[in-house]
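In this note's numbering, the protein residues as written are 499 to 689.
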């Protein structure tokens, strides 16, 4: 998997051959075939490993954070920072796997769903505690958060530009939070 990761720093997935992977790993191709059915399976394994590590770390990091707004801010910053520091992971996720139908039946996709569930849990908590407006559908808000992060970083990932996690998070949070935070008058009325 390290060999594929190294190659992905240099070229697109579609240009990488089994012999490239074997040569970089210092093994023969038969050994790679023994563990991975095909190159797409190997790609999913690389993504699954990175994504699992990220979700575990994020779960741990959110434990000490109080309030839905602060949790969402931490989640957004952590996600953008991870995309910035692990460009190979971001490229695989955004540009390589989602256009393949098998991805949506993969273990990797299950981990993505777990991550999306974390966002929904934070939103539900915020609504329950009166921090977020009750009249915004939680699942739609989750999609807005996910879409905003993706669209904010995608050009930087494609063109290998800095993502600036601090500035990007601040801008996204300002845009998102302006309309979803419960205002004092809304809290009293139950909106």
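Glycine included, each C-beta is placed from N, C-alpha and C at the ideal position.
Between the segment 528-543 and the segment 594-611, can you find at least three pairs of beta-carbon atoms closer than 8 Å? yes
Sequence-distant residues of the same chain with beta carbon closer than 6 Å to residue 570, five excluded per side: 620
Looking only at its chain, what residues have a beta carbon closer than 6 Å to the beta carbon of residue 577, apart from the 5 residues adjacent to it on each side? 647
Could you tell me which whole beta strand (DSSP E) segments of length 3 or greater appear in the segment 641-677? none
Inspect the beta-carbon positions of residue 575 and residue 667 and report whether they are closer than 8 Å. yes
Rounded to whole angstroms, what's the CA-CA distance from residue 612 to residue 554? Just pull it up for me. 10 Å
Do three or more CB pairs link the segment 600-617 to the segment 637-646 at distances below 8 Å? yes
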